[in-house]
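The listed protein sequences correspond, in order, to chains A and B.
Residues in the first sequence are numbered consecutively from 1, following UniProt numbering.
Residues in the second sequence are numbered consecutively from 1, following UniProt numbering.
2 protein chains.
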Amino acid sequence: MVKITDVAAHAGVSPSTVSYALSGKRPISAETRQRIERSIRELGYTPHAGARSLASSRAQVLALVLPLRKGIHVPVVMQFATSVVTAARAHDHDVLLLTQSEGEEGLLRVARSAMADAFVLMDVELEDRRLPLLRSLDRPSVLIGFPADPTGLTCIDLDFHRAGEACVEHLAELGHRRVALVGSPPEVYARDTGFARRVADGFREAADRAGLPSSVWPCADTSVAARALAERLVREQPDLTGIVVHNEPIVQPLIEALVAQGLRVPQDVSVTAICPDEIAEQAPIPVTSVSIPSAEVGAGAVELLMAKLRGQAVPESTLLPVRLTARASTAPPPTARPAHG
Amino acid sequence: MVKITDVAAHAGVSPSTVSYALSGKRPISAETRQRIERSIRELGYTPHAGARSLASSRAQVLALVLPLRKGIHVPVVMQFATSVVTAARAHDHDVLLLTQSEGEEGLLRVARSAMADAFVLMDVELEDRRLPLLRSLDRPSVLIGFPADPTGLTCIDLDFHRAGEACVEHLAELGHRRVALVGSPPEVYARDTGFARRVADGFREAADRAGLPSSVWPCADTSVAARALAERLVREQPDLTGIVVHNEPIVQPLIEALVAQGLRVPQDVSVTAICPDEIAEQAPIPVTSVSIPSAEVGAGAVELLMAKLRGQAVPESTLLPVRLTARASTAPPPTARPAHG
DNA sequence: ACGGCTCGTCGAAGCGCTTCGACGGCGAAG
DNA sequence: CTTCGCCGTCGAAGCGCTTCGACGAGCCGT
C-alpha cells in the first residue's frame with residue numbers, strides 16, 4: 001500500500017508538502033504541485049481514510065438512514081439514496097448506510113466512533129424519537145421531511161402542503177365541483193408521518209377556499225384496495241369528478257378501476273397525482289401530476305449538510321417548490337362542458 | 001469525546017488492557033473485564049473507527065455496490081441492501097454504499113483508502129468489466145449473480161436455472177402441452193445479465209426434456225407492454241396453456257391482460273412466476289411462484305464475506321435452492337381435464 | 001524447595017496522516 | 001542598500017488505537 005511518504009520521496013518533497021498540495025490549505029508552487037500530482041498518479045496513491053480521519057477528525061463520510069417500512073414507495077427511496085450518494089461524491093464524501101432498525105443507538109454509535117461527519121435521515125415522523133438525540137449531537141444532520149417541531153434542526157422536503165393545494169386548484173380551475181383525495185396507506189397516517197398529513201391539509205384548505213366539498217380516503221397500496229375504493233367512491237359520491245391521488249403504486253390501478261366502473265378519464269372524472277414523473281408519464285393515460293423530485297431533495301440535503309460542515313448557517317426548513325404538469329388525465333367536468341349530441 | 005485512556009483511567013487499568021478486553025485477543029480476568037465494561041457503559045465509550053482502522057488495518061466496513069439501472073426490480077434491490085446491512089451489523093460491521101456509476105475507480109479508491117475491508121457487488125454482468133480488478137484486489141468480495149467465468153471469485157445467487165426448470169416441471173406435471181416464458185425487459189438480456197439467461201436456459205431445457213414446445217418473450221416492465229404481449233400470445237399461440245413470468249412488475253398486469261382477453265386463470269391458462277413471495281401472495285389471484293429470497297441472498301453474501309475475512313476457504317459458487325409454492329394461478333389445462341357440462 | 005510454566009497486565013512503539021510553528025529566500029518599501 | 005513581510009517548504013508532534021515484548025505472580029511437577 002503506497003503512502004504519503006512514498007509520494008513525498010518520489011516527488012522529492014516532504015510529506016507535509018504533499019498533504020498541503022492535496023488539501024490546498026497552504027499555498028504550493030505550481031511546479032511542486034505538478035510534480036506531486038504526477039507522483040500520485042504514477043504510484044497510484046490514495047490516502048488512508050482511517051489515518052486521515054484520525055488526524056483531521058473528519059471522516060469525509062455521511063451517514064444515510066433509510067426507512068424500510070411498509071407503506072413507503074421503495075423506488076422513490078432508492079432514487080433518493082442514489083442522488084445522495086452522487087451528491088456526496090461530488091463533494092468528495094462517501095455514504096454509510098444505516099437502517100431505521102439501528103435506531104438511536106445506531107446514530108449514537110456512528111457519531112461517537114467518528115465514522116460519519118453528518119447525517120441524512122429519511123421518513124421522519126411528526127414526533128420522532130431520534131430528534132432529541134440529533135439536537136444534542138455535535139454532528140450536523142438534515143432531515144428529509146418535517147417533524148412537528150423542527151426547531152434546531154434542518155429539514156428539507158417537497159412542499160407537500162402546496163402540492164395538495166396545487167392539485168385542488170388545478171381541478172377547481174377546470175370547473176370541478178367535488179374533489180376527493182386518495183391518500184397513503186392507513187399505516188402511514190397512523191405513523192404520523194408529516195408528508196401525508198401535509199398533503200391532506202393542503203388539499204382540504206384549498207378545497208374549502210374554493211368552496212368545494214372534499215373528502216379524504218386513505219388507501220392501501222394494492223390494486224385490490226384501489227378497485228374497492230373506486231367502487232366505493234362511485235357508489236357514495238356519484239357527483240365526484242375530481243380525484244387527487246397521493247399513493248404512487250395505485251395511481252394506475254385506480255384509474256383502471258374507474259374505467260372498469262364505466263367512468264371515462266378524463267371525460268367523466270379527472271385524476272391528478274402527486275408522484276414521480278416516471279409514474280405519471282408511463283401510464284396508459286398520462287397523468288396530470290405534481291412531481292416528487294427525489295433526486296433534487298437528495299442533492300439539496302447534501303448541499304445543506306456540506307454548508308453546515310463548512311460552518312455556514314442554513315435555513316431550518318427548505319421547501320422545494322411544486323411543479324404541476326398537466327397531462328391527459330384532467331379536463332373540465334361533464335357538467336361544466338357544453339353538452340354534445 | 002471519551003477515549004480508551006479515559007476508560008482505562010476510570011477502570012484503573014492500562015489502555016492495552018481495555019483494548020484486549022474489547023477484542024478478546026488476550027485473556028482478561030473476569031473481574032477486570034467487568035470493571036472495564038462498567039466504565040465503558042458509564043462513560044459512554046465508543047472506539048474511534050479511524051484510529052482502530054489505522055492501528056489494526058481493519059475498518060470493520062463492507063462496501064455494497066448497488067445497481068441503479070433500468071430493468072431491475074427496485075424493491076428486490078432494496079430488500080437485499082437492508083439484509084446486507086442487518087447481517088453486517090450482526091458481525092459488527094458497517095456498510096458503505098457505492099453506486100454502479102462510480103465504476104472501477106470507485107472500487108479501487110475504496111480499497112486503497114482502506115475504507116472497506118470487503119465488497120458485495122450486485123447486478124453482475126456475464127462479462128463484467130470489474131472482474132479483473134476484483135480478482136487483483138487484496139480484499140475479498142462476493143458477487144450476487146454469476147459472470148460467465150466465476151473462476152477465482154465468490155458468487156451467490158438463487159439457482160435461477162433450477163427456478164426456470166421448476167416452473168416448467170410444475171406445469172408439465174399438471175399436463176400442460178405448450179409453455180411460454182415471459183421474461184425480463186430486453187435491455188436486461190442485452191446487458192448479458194446472467195440470471196435472465198439462466199432462467200431462460202432452465203426453462204428451455206426442462207421444456208425440451210418434457211417434450212413441450214416452448215418460446216421465450218422478453219417484455220418491458222410496464223402494464224402496457226404486458227397487455228400487448230398478452231394479446232400477441234393469444235393470437236400467435238392459441239394452444240398455449242402454461243406461462244412462466246420472470247418479470248416482477250408485470251406479473252399482475254399480465255394476468256389481468258389475459259383475463260381481459262377472455263382467458264380465465266387458471267382454468268384456461270396457468271401462470272407461474274419467479275418473484276418475491278409478497279408479489280405472488282398479494283395478487284388478486286395468488287400466483288404459484290418460485291420465490292426470490294433476497295434477504296437470504298444478502299445474508300448469505302455477508303456470511304461468505306466474513307468467512308473470507310477470517311481467512312477461511314469458501315466455495316466459489318453458492319446456489320440457493322429453489323422453492324416452488326403452488327397457489328391459485330395454476331391448474332391442469334382444459335384439454336387434460338374431464339369436460340364439464 | 002526451585003526452575004519453568006501459564007495467566008493477566010503493562011509500557012511503548014507505531015499505524016499514516018494533518019497541522020502547527022519555524023525558517024530560509026526573495027520582493028517591496030523606506 | 002537595508003528591513004520587513006510573505007511565500008513556499010520542512011520537521012515534528014500527535015490524533016486514538018492495537019499489538020508486541022516484557023514481566024510479576026502464582027501454579028505445577030519433581
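Virtual Cβ for every residue (Gly too), placed ideally from N, Cα, C.
Nearest-angstrom Cα separation, counted from residue 95 (chain B) out to residue 64 (chain A): As a working mapping, residue 64 (chain A) is identified with position 64 in the first sequence. As a working mapping, residue 95 (chain B) is identified with position 95 in the second sequence. Taking the straight line from one Cα to the other gives about 10 Å.
Under the DSSP definition of a beta bridge, which residues are partnered with residue 342 (chain A)? Given a span of 1 to 341 for chain A in the structure shown, any question on residue 342 (chain A) remains unanswerable.
Report back the beta-carbon spacing between residue 110 (chain B) and residue 116 (chain B) to the nearest angstrom; my notes put them in contact at under 8 Å. Locating residue 110 (chain B) in the second sequence gives position 110, where the first residue counts as 1. Locating residue 116 (chain B) in the second sequence gives position 116, where the first residue counts as 1. The Cβ separation is near 5 Å, so the contact holds.
Can you give the Cα-Cα distance for residue 190 (chain A) and residue 161 (chain A), rounded to whole angstroms? The residue labelled residue 190 (chain A) in the question sits at position 190 within the first sequence. The residue labelled residue 161 (chain A) in the question sits at position 161 within the first sequence. Looking at the two C-alpha atoms, the distance is approximately 18 Å.
With a cut-off of 8 Å on the beta carbons, I'd call residue 348 (chain B) and residue 280 (chain B) a contact; round off their distance for me. Limits of chain B in this structure are 1 at one end and 341 at the other, which puts residue 348 (chain B) out of reach.
According to DSSP, what are the bridge partners of residue 94 (chain B)? Within the second sequence, the letter at position 94 stands for residue 94 (chain B). Answer by DSSP bridge pairing, in chain order: B:61.
Per-residue DSSP class, three states only, for residue 263 (chain B): The count along the second sequence starts at 1 and reaches residue 263 (chain B) at position 263. Coil.
Short of 7 Å in beta carbon distance, which residues of its chain neighbour residue 14 (chain B), apart from the five on each side in sequence? Order them along the chain. Residue 14 (chain B) sits at position 14 when you count from the first residue of the second sequence. The residues are 8.
Please state whether DSSP places residue 72 (chain B) in a helix, a strand or coil. What you label residue 72 (chain B) is simply residue 72 of the second sequence in a count that begins at 1. Residue 72 (chain B) falls in the coil class under three-state DSSP.
Tell me which same chain residues have a C-beta within less than 6 Å of the C-beta of residue 12 (chain A), skipping the five on either side of it? As a first step, residue 12 (chain A) is located in the first sequence; it is residue number 12 there, counting from the start. Cβ neighbours of residue 12 (chain A) beyond the five flanking positions: none.
So, for residue 338 (chain B): in the same chain, excluding its five sequence neighbours on each side, which residues have a beta-carbon less than 6 Å away from its beta-carbon? Counting from one through the second sequence, the residue named residue 338 (chain B) turns up at place 338. Interpretation of residue 338 (chain B) is limited by its pLDDT of 47, a score under 50 that renders its predicted location unreliable; the figure taken from the coordinates is listed afterwards. No residues qualify anywhere along the chain.
Could you work out which residues of chain B lie near residue 222 (chain A), taking near to mean beta carbons separated by less than 7 Å? In the first sequence, residue 222 (chain A) corresponds to position 222, counting from 1. Under the 7 Å cutoff, chain B gives 282.
Select from A:50, A:150, A:332 and A:58 the residue whose C-alpha is nearest the C-alpha of residue 272 (chain A). Here the question's residue 272 (chain A) lines up with position 272 in the first sequence. Comparing Cα positions, the closest option is A:332.
Strictly by DSSP, which residues pair up with residue 125 (chain B)? Residue mapping note: residue 125 (chain B) aligns to position 125 of the second sequence, counting from 1. Looking at the DSSP assignment, residue 125 (chain B) forms a beta bridge with B:193.
Taking the beta strand (DSSP E) that residue 244 (chain A) falls in, what are its first and last residues? Taking the first residue of the first sequence as position 1, residue 244 (chain A) is located at position 244. Segment 242-245, the beta strand (DSSP E) holding residue 244 (chain A).
If you measure from the beta carbon of residue 339 (chain B) to each beta carbon in chain A, is any gap under 9 Å? Sequence index remark: in the second sequence, residue 339 (chain B) carries index 339 (1-based). Confidence in residue 339 (chain B) is poor, its pLDDT being 39 and thus under 50, which makes the residue's placement unreliable; the coordinate value appears in the next sentence. Not closer than 9 Å to any Cβ of chain A, the Cβ of residue 339 (chain B) fails to qualify, so no.
Hey, does residue 75 (chain A) have any beta-carbon neighbour from chain B nearer than 9 Å? Here residue 75 (chain A) refers to the residue found at position 75 when the first sequence is read from its first residue. Chain B, which has a Cβ nearer than 9 Å to the Cβ of residue 75 (chain A), makes this yes.
Going by C-alpha to C-alpha distance, which of A:205, A:137 and A:132 sits closest to residue 147 (chain A)? The sequence position of residue 147 (chain A) within the first sequence is 147, counting from 1. It is A:132 whose Cα lies nearest to the Cα of residue 147 (chain A).
Answer with buried or exposed for residue 24 (chain A), where buried requires no fewer than 16 other C-beta atoms within 10 angstroms of its C-beta. By 1-based counting over the first sequence, the position of residue 24 (chain A) is 24. The residue is exposed, with fewer than 16 neighbouring Cβ atoms inside 10 Å.
Would you please state the rounded distance, in angstroms, between the beta carbons of residue 179 (chain A) and residue 126 (chain A)? I believe it to be under 8 Å. The sequence position of residue 179 (chain A) within the first sequence is 179, counting from 1. The sequence position of residue 126 (chain A) within the first sequence is 126, counting from 1. Not really, about 25 Å apart at Cβ, beyond 8 Å.
State whether the region 141-158 of chain A contacts the region 289-303 of chain A, with contact taken as three or more CB pairs (one from each stretch) at a distance under 8 Å. yes
Strictly under 9 Å for the Cβ-Cβ distance: is residue 123 (chain A) near chain B by that measure? Sequence index remark: in the first sequence, residue 123 (chain A) carries index 123 (1-based). Closer than 9 Å: no.
So for residue 180 (chain B), helix, strand or coil by DSSP? Numbered from its first residue, the second sequence carries residue 180 (chain B) at position 180. Strand at residue 180 (chain B).
Residues of chain A with CB under 9 Å from residue 261 (chain B), in chain order? Position 261 of the second sequence, counting from 1, holds the residue named residue 261 (chain B). What residue 261 (chain B) touches in chain A: nothing, since even the nearest Cβ is about 15 Å away.
Between which two residues does the alpha helix (DSSP H) holding residue 17 (chain A) run? On the first sequence, residue 17 (chain A) is found 17 positions in, with the first residue counted as 1. Counting along the chain, the alpha helix (DSSP H) containing residue 17 (chain A) begins and ends at 15-23.
Buried or exposed for residue 101 (chain B), please, with buried defined as at least 16 other CB atoms from any protein chain shown within 10 angstroms of its CB. Residue 101 (chain B) sits at position 101 when you count from the first residue of the second sequence. The residue in question, residue 101 (chain B), is exposed, as its Cβ has fewer than 16 Cβ neighbours within 10 Å.
Straight-line gap, residue 2 (chain A) to residue 49 (chain A) (C-alpha atoms, nearest Å): In the first sequence, residue 2 (chain A) corresponds to position 2, counting from 1. In the first sequence, residue 49 (chain A) corresponds to position 49, counting from 1. Whole-angstrom Cα-Cα distance: 13 Å.
Do you know how far the Cα of residue 172 (chain A) is from the Cα of residue 134 (chain B)? Translated into positions along the second sequence, residue 134 (chain B) becomes position 134. Translated into positions along the first sequence, residue 172 (chain A) becomes position 172. Straight-line Cα distance between these residues: approximately 59 Å.
How about residue 47 (chain B): is its C-beta nearer than 9 Å to some C-beta of chain A? Against the second sequence, residue 47 (chain B) aligns to sequence position 47. For residue 47 (chain B), the answer is yes, since a Cβ of chain A falls inside 9 Å of its Cβ.
When DSSP labels each residue in this structure, what does residue 146 (chain B) get in the three-state scheme? Along the second sequence, read from residue 1 onward, the residue named residue 146 (chain B) stands at position 146. Coil at residue 146 (chain B), not helix or strand.
So the candidates are B:60, B:169 and B:44; which of them puts its Cα closest to the Cα of residue 345 (chain A)? Nothing can be reported for residue 345 (chain A), as the shown portion of chain A is limited to 1 through 341.
Return helix, strand or coil for residue 320 (chain B), following the three-state DSSP convention. Taking the second sequence and counting its residues from 1, the one referred to as residue 320 (chain B) is at position 320. In the structure shown, residue 320 (chain B) sits in a strand (DSSP, three-state: E or B).
Exposure of residue 315 (chain A), with buried meaning 16 or more beta-carbon neighbours within 10 Å: Within the first sequence, numbered from 1, the residue matching residue 315 (chain A) stands at position 315. Classification for residue 315 (chain A): exposed.
Could you tell me how far apart the beta carbons of residue 90 (chain B) and residue 53 (chain B) are, in whole angstroms, since I believe they sit closer than 8 Å? Residue numbering aside, residue 90 (chain B) sits at position 90 when the second sequence is read from its first letter. Residue numbering aside, residue 53 (chain B) sits at position 53 when the second sequence is read from its first letter. So it is not a contact: roughly 20 Å between Cβ atoms.
Go ahead and pull the three-state DSSP assignment for residue 275 (chain A). Position 275 of the first sequence, counting from 1, holds the residue named residue 275 (chain A). In this structure, residue 275 (chain A) counts as strand in the three-state DSSP scheme.
Can you tell me whether residue 139 (chain B) is buried or exposed? The criterion is at least 16 other CB atoms within 10 Å of its CB, across all chains shown. One-based indexing of the second sequence puts residue 139 (chain B) at position 139. With 16 or more Cβ atoms within 10 Å of its Cβ, residue 139 (chain B) is classed as buried.
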